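The next block holds one structure in the form of structure tokens; read it before the comments.
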Amino acid sequence: MAHSAVAARPVQAAALRPRQFVSPAAVKQRRSSRHMAVSVRAEVWAPPTVADAKMKFIGAFKKPLPGLYSTIVQELLVQQHLFRWNKKYQYNEVTALGMVSIFEQVLGGLPDSEREAVFDAFIEALGEDPAQYRKDAAAVEELARSGTPLTPDASGNKLQAALAAVAATEGKTFLYTKFFAVGLFRLVELTGSKDPKTLVALVKALGLAQERVNADLMTYKGVLSKLEGAKEIMKEFLIREKKKREEREAEKAAKAKAVAEKAATTAETSA
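Here it is as structure tokens:
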């Protein structure tokens, strides 16, 4: 039986893709883009550590602080360092007022020059300008004292604009801190208002959580209360120590007098 012939299919050569011309400028741009991508990936957020901040503070303020104050200052430095180097952190004049107010109250027992030196070292350890803090705190304090309405207004004065910057975030992107809460409380105090609703209305206008603000203010008042108690204890201790020192000096003087009198008597007898 004859096999039917099968026609062989012609083998087709693979179609050659037309070679595209790439200009030298395009090649350079691609290389630049790849280099930029590598550079971006290489960038790492590496803020200073808490240890760095403490060393910077100690380097700027070399005098030893009494234990009563040192503990509080170190705790505040750690807290604010974590806020300061958060990517959401933004400087605000109300925070500046809160910071200045806290240092005035917490370090109230120190001489003015020493208190200012501690504050300078503290702010510089955070990589910020203490002069700006004082200037802005004084400005918003004066505005609040003069009776300016505590209402957010981007086109208003310095204080109202600072409040507006927070209100604009609706509590979502603004990095709230305890120092800001103290600043708000201080603003209400400066207006002379005794009505708790004034602070409540202000917190609500800024879009902040009332419970958190209240909790932070209660904690702050508790710290001040303990500090005052500790100051009284220290005061009593110093009074007792002074009395003991005076008694020891009086006893020493009495012994010296007795020895001198005895020596004089002996000399007279010998003569």
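In the numbering used here, the protein residues as written are 12 to 282. All residues carry an ideal CB built from backbone N, CA and C; glycine is no exception. If you're wondering where the values come from, they're calculated on a predicted model, not measured in any experiment.
Here the C-alpha atom of LEU137 lies approximately 9 Å from the C-alpha atom of PRO59. The segment 127-187 is shown to contain no whole beta strand (DSSP E) run of 3 or more residues.
Exclusion of the five residues before and after TYR100 leaves PHE94, LEU186 as the residues of its chain whose Cβ lies within less than 7 Å of its Cβ.
Around the CB of VAL111, 16 or more other CB atoms lie within 10 Å, so the residue is classed as buried.
Here the segment 63-72 lies against the segment 131-146, with 3 or more beta-carbon pairs under 8 Å apart. In the displayed model, ASN103 falls within coil according to three-state DSSP, outside both helix and strand. Residue burial is scored here from C-beta neighbours: ASN103 has at least 16 other C-beta atoms within 10 angstroms and is therefore classed as buried.
LYS255 sits in a helix when the DSSP states are folded into three classes. Judged by DSSP in its simplified three-state form, LEU217 adopts coil rather than helix or strand. ASN225 sits in a helix when the DSSP states are folded into three classes. Following the DSSP letters along the chain, one finds ASP63 inside the alpha helix (DSSP H) bounded by residues 61-71.
ALA176 and SER236 have their C-alpha atoms some 33 Å from each other.
For the pair LEU238 and LYS65, the Cα-to-Cα distance works out to about 22 Å. Counting C-beta pairs closer than 8 Å gives fewer than three between the segment 84-91 and the segment 154-173, which falls short of the contact rule.
By the Cβ rule, the segment 143-158 does not count as touching the segment 257-272, because fewer than three pairs are nearer than 8 Å. Judged by DSSP secondary structure, LEU87 falls within the alpha helix (DSSP H) whose first and last residues are 78-95.
Cβ-Cβ distances below 6 Å link PHE190 to THR106, GLY109, MET110 in the same chain, with the five nearest sequence neighbours on each side left out; the list follows chain order. Cβ contact annotation for THR202 (same chain, cutoff 8 Å, sequence separation greater than five): ALA155, ARG156, GLY158, LEU161, THR209, in chain order.
Judged by DSSP secondary structure, GLY119 falls outside any alpha helix (DSSP H); it is assigned neither H nor E. Put simply, the backbone Cα of TRP56 is about 25 Å away from that of PRO141. By a beta-carbon distance limit of 8 Å, ASP227 contacts ALA192. Their separation comes to about 4 Å. Counting only the Cα atoms, PHE196 lies some 11 Å from LYS232. Nearest Cα to THR184 within the set LEU219, ASP206, SER166, VAL199: LEU219. Contact between LEU170 and VAL151 holds, with the beta-carbon distance rounding to 4 Å and staying under 8 Å.
Ranked by how close their Cα comes to the Cα of ASN97, the residues LEU79, VAL61, VAL117 have VAL61 in first place.
Non-local beta-carbon contacts of ARG126 in its own chain, meaning distances under 7 Å to residues more than five positions away in sequence, involve PHE114, LEU118 in chain order. Shortest Cα-Cα distance from LYS215 to any of ILE250, GLU153, LEU174 involves LEU174.
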